[in-house]
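Asks:
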């Protein structure tokens, strides 16, 4: 397994493969989740973030592999671990504010200051009302994490809107098991920030960044 | 990371786990299937720490005893208890009925050794290990096996089944069959119909050695000449 390095966060990706391939493209391992549209996510990649989310992802991956072990196509889910470098990492331990986001590019929806949270939520409500035709009253009182679960495209739109943001940690219903909620980190794909990428316990497989 | 970590799998991963020997990655998948934390998985499999866990998960082929334990968990998918057999107790439980016909005969020792060899092999150990495990020497502690945490786990797992002999034999046969070894052929249980036999090794009496006798050492030759 990949050891966590200083000033980095550890992420895991799920690679759906046929048996055990020689190499895996990291871009193909982005976590798929409910309500997600690939065309909005160009240049972004989503991985699993945090210990309990990784455990839930492992359980889902094992179950998926068991169910598909006799399938003709993809029949295995491999975990790809990597470290992602975050600027001014120590600031990510604080609640995210405008100034910390400018220095780190990091927003964690469970560790976000009230001002930034409300600002983002208002912006999201505008987008949701405009793009989905939902009634404002039905979404205006929702929390940011609930909106992130129900309208995950808003995460991708935030990247287009907020140039300083490089990583958002948000909850998702993963496609591999839509009944669970995982904390996922969606990042701008910047391979200079990726280190130690490897398939868990199959280090001979090459990872193409 | 050690050299073994980068070895390619020696097993055909396209087959389901039930039809091939296990490799390190299967431990992680097994952990996922049972929703065990890493710590719980370490306890269940008798690993010392997470480093040991990572090391075993990187193996291209699991040791037989470890695979046996994981397959026992698949048979009885619940946490192992505190109670466990001693290794000698389990041997007697498993093989005393097979040994009974030979007790008091000249074949008893051979039968005991053959059964001990089979028993050690089930755990992936050499034949010599039986002498340590099954010795009647009272100075040895026959209940503790500090170096074999994985075997301790198997012994406690077997406490949870009604017929440990049947379960252990069946699972072990499966583990070894997938490695190309038929326990019943190579380490068969002796019966009165097929009693244990021994082939004498070394030179047969009365047969001359094919090798020419060694020439006497020059020093000895000189000493003999001097004496003469």
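Residue numbers (this note's numbering), protein chains in the order written: chain G, 1 to 209; chain F, 1 to 228. Note that the Cβ used here is the ideal one computed from N, Cα and C, for glycine as well.
1) What runs of the alpha helix (DSSP H), each 4 residues or longer, lie entirely inside the region 140-207 of chain F?
2) Got a sec? Which residues, its chain only, sit under 8 Å from residue 23(G) by beta carbon, not counting five neighbours each side?
3) Which residues bound the beta strand (DSSP E) around residue 195(G)?
4) Is residue 186(G) near residue 155(G), with beta carbons less than 8 Å apart?
5) Under 8 Å, Cβ to Cβ, is there at least one residue of chain B near residue 25(F)?
6) Just list the residues that DSSP pairs residue 81(G) with in beta bridges.
7) Under DSSP, the beta strand (DSSP E) around residue 171(G) begins and ends at which residues?
8) With DSSP as the reference, label residue 119(F) as helix, strand or coil.
9) Given a cut-off of 8 Å on the beta-carbon distance, is the pair residue 211(G) and residue 107(G) in contact?
10) With which residues is residue 105(F) paired in a DSSP beta bridge?
11) Does the contact criterion of 3 or more C-beta pairs under 8 Å hold for the region 161-171 of chain F versus the region 98-105 of chain F?
12) Do we get a CB-CB distance below 8 Å when we pair residue 59(G) with the residues of chain F?
13) What in chain F is Cβ-close to residue 19(G), meaning under 7 Å?
14) Measuring CB atoms only, is the region 47-59 of chain F touching the region 70-83 of chain G, in the sense that at least three cross pairs come out at less than 8 Å?
15) Helix, strand or coil for residue 231(G), going by three-state DSSP, please let me know.
16) Can you pull the chain G residues whose beta carbon is under 8 Å from the beta carbon of residue 58(F), in chain order?
17) Taking 8 Å as the limit between beta carbons, can you name the residues of its chain near residue 73(G), skipping five residues before and five after?
18) State the DSSP-derived secondary structure class of residue 87(F), mapped to helix, strand or coil.
19) Using the C-alpha atoms, what's the distance from residue 107(F) back to residue 69(F)?
20) With which residues is residue 47(G) paired in a DSSP beta bridge?
21) With the cut-off set at 8 Å, would you say residue 173(G) and residue 34(G) are in Cβ contact?
22) Could you please give the first and the last residue of the uninterrupted beta strand (DSSP E) stretch that includes residue 108(G)?
23) Whole angstroms are fine: how far does the CA of residue 191(G) sit from the CA of residue 82(F)?
24) Starting from the C-beta of residue 69(G), find all residues in its chain whose C-beta is less than 7 Å away, skip the five residues before and the five after it, and write them out in chain order.
25) Does residue 111(G) come out as helix, strand or coil in the three-state DSSP assignment?
26) Compare the C-alpha of residue 6(G) against each of 202(G), 143(G) and 87(G) and name the closest.
27) Contact check, residue 182(G) vs residue 25(F) under 8 Å by CB: the rounded distance?
28) Measuring straight from C-alpha to C-alpha, what distance separates residue 12(G) and residue 61(F)?
29) Would you decide whether residue 16(G) is buried or exposed? Buried here means 16 or more other CB atoms lie within 10 Å of its CB.
30) Can you list, in chain order, the residues of its chain whose CB lies under 6 Å from that of residue 215(G), leaving out five sequence neighbours each side?
31) Under 8 Å between C-beta atoms, does residue 35(F) make it to chain G?
32) Work out the CA separation of residue 58(G) and residue 197(G) for me, nearest whole Å.
33) In the DSSP assignment, what residue or residues form a beta bridge with residue 24(G)?
34) Does any C-beta atom of chain G lie closer than 8 Å to the C-beta of residue 28(F)?
35) Which residues in chain F have a C-beta closer than 7 Å to the C-beta of residue 69(G)? List them in chain order.
36) Considering Cα atoms alone, identify which of 114(F), 85(F) and 129(F) is closest to residue 157(F).
Replies: The short version:
1) Taken in chain order, the whole alpha helix (DSSP H) runs of length 4 or more contained in the region 140-207 of chain F are 149-158, 164-177 and 183-186.
2) Looking up residue 23(G) in the first chain gives position 23. Taken in chain order, the residues that qualify are 205, 206, 207 and 208.
3) One-based indexing of the first chain puts residue 195(G) at position 195. Per DSSP, residue 195(G) belongs to the beta strand (DSSP E) from 194-199.
4) Locating residue 186(G) in the first chain gives position 186, counting from the first residue. Locating residue 155(G) in the first chain gives position 155, counting from the first residue. In terms of Cβ geometry, residue 186(G) and residue 155(G) form a close pair [threshold 8 Å].
5) Protein chains in the displayed structure are G and F, and chain B is not among them.
6) In the first chain, counting from the first residue as 1, residue 81(G) sits at position 81. Answer is 12(G) and 198(G), bridged to residue 81(G).
7) For this step, residue 171(G) is matched to residue 171 along the first chain. Boundaries of the beta strand (DSSP E) around residue 171(G): 167-172.
8) Translated into the one-based positions of the second chain, residue 119(F) becomes position 119. Looking at residue 119(F) - three-state DSSP - the assignment turns out to be helix.
9) Shown here, chain G extends from 1 to 209; a query on residue 211(G) therefore has no answer.
10) As a first step, residue 105(F) is located in the second chain; it is residue number 105 there, counting from the start. Within the DSSP secondary-structure output, residue 105(F) pairs in no beta bridge.
11) Flag = no, the region 161-171 of chain F and the region 98-105 of chain F do not touch.
12) Position 59 of the first chain, counting from 1, holds the residue named residue 59(G). Nearest CB-CB separation between residue 59(G) and chain F: below the 8 Å threshold.
13) For the purposes of this step, residue 19(G) is taken as the residue at position 19 of the first chain. Per Cβ cutoff of 7 Å: 13 and 14.
14) Too few Cβ pairs lie closer than 8 Å, so no.
15) No answer is possible for residue 231(G): it lies beyond the span of chain G, which begins at 1 and ends at 209.
16) One-based indexing of the second chain puts residue 58(F) at position 58. Think of a sphere of 8 Å around the beta carbon of residue 58(F): the chain G residues whose beta carbon falls inside it are 201 and 203, in chain order.
17) Indexing the first chain from 1 puts residue 73(G) at position 73. Excluding residues up to 5 positions away in sequence, 18 lie with their Cβ nearer than 8 Å to the Cβ of residue 73(G) in the same chain.
18) The residue given as residue 87(F) occupies position 87 in the second chain. The three-state secondary structure of residue 87(F), taken from DSSP, is helix.
19) Position 69 of the second chain holds residue 69(F). Position 107 of the second chain holds residue 107(F). In a straight line, the C-alpha of residue 69(F) is about 33 Å away from that of residue 107(F).
20) For the purposes of this step, residue 47(G) is taken as the residue at position 47 of the first chain. According to DSSP, residue pairing for residue 47(G) in a beta bridge involves 185(G).
21) The residue you call residue 173(G) lines up with position 173 of the first chain. The residue you call residue 34(G) lines up with position 34 of the first chain. Yes.
22) Position 108 of the first chain, counted from the start, is the residue given in the question as residue 108(G). Element bounds for residue 108(G): 106-108.
23) Position 82 of the second chain, counting from 1, holds the residue named residue 82(F). Position 191 of the first chain, counting from 1, holds the residue named residue 191(G). Between the C-alpha atoms of residue 82(F) and residue 191(G) there is a straight-line separation of about 49 Å.
24) By one-based count along the first chain, residue 69(G) stands at place 69. Cβ contact annotation for residue 69(G) (same chain, cutoff 7 Å, sequence separation greater than five): 75, in chain order.
25) On the first chain, position 111 is the one that residue 111(G) refers to. It is coil, neither helix nor strand.
26) Along the first chain, one-based indexing puts residue 6(G) at 6. That would be 87(G), whose Cα lies nearest to the Cα of residue 6(G).
27) The count along the first chain starts at 1 and reaches residue 182(G) at position 182. The count along the second chain starts at 1 and reaches residue 25(F) at position 25. Not really, about 22 Å apart at Cβ, beyond 8 Å.
28) Counting from 1 along the first chain, the entry for residue 12(G) is found at position 12. Counting from 1 along the second chain, the entry for residue 61(F) is found at position 61. Roughly 25 Å between the two C-alpha positions.
29) Taking the first residue of the first chain as 1, we reach residue 16(G) at position 16. In summary, residue 16(G) is buried, with 16 or more beta-carbon neighbours lying within 10 Å of its beta-carbon over all protein chains present.
30) The structure shown does not extend to residue 215(G), since chain G spans only 1 to 209, so no value can be given for it.
31) Taking the second chain and counting its residues from 1, one reaches residue 35(F) at position 35. Yes, contact with chain G.
32) As a position in the first chain, residue 197(G) is number 197, starting the count at 1. As a position in the first chain, residue 58(G) is number 58, starting the count at 1. Cα to Cα, residue 197(G) sits roughly 17 Å from residue 58(G).
33) In the first chain, residue 24(G) corresponds to position 24, counting from 1. Paired residue(s): 207(G).
34) In the second chain, the residue the question calls residue 28(F) occupies position 28. Yes, its Cβ sits closer than 8 Å to a Cβ of chain G.
35) The sequence position of residue 69(G) within the first chain is 69, counting from 1. Simply 16.
36) Position 157 of the second chain, counting from 1, holds the residue named residue 157(F). The shortest Cα separation from residue 157(F) among 114(F), 85(F) and 129(F) belongs to 85(F).
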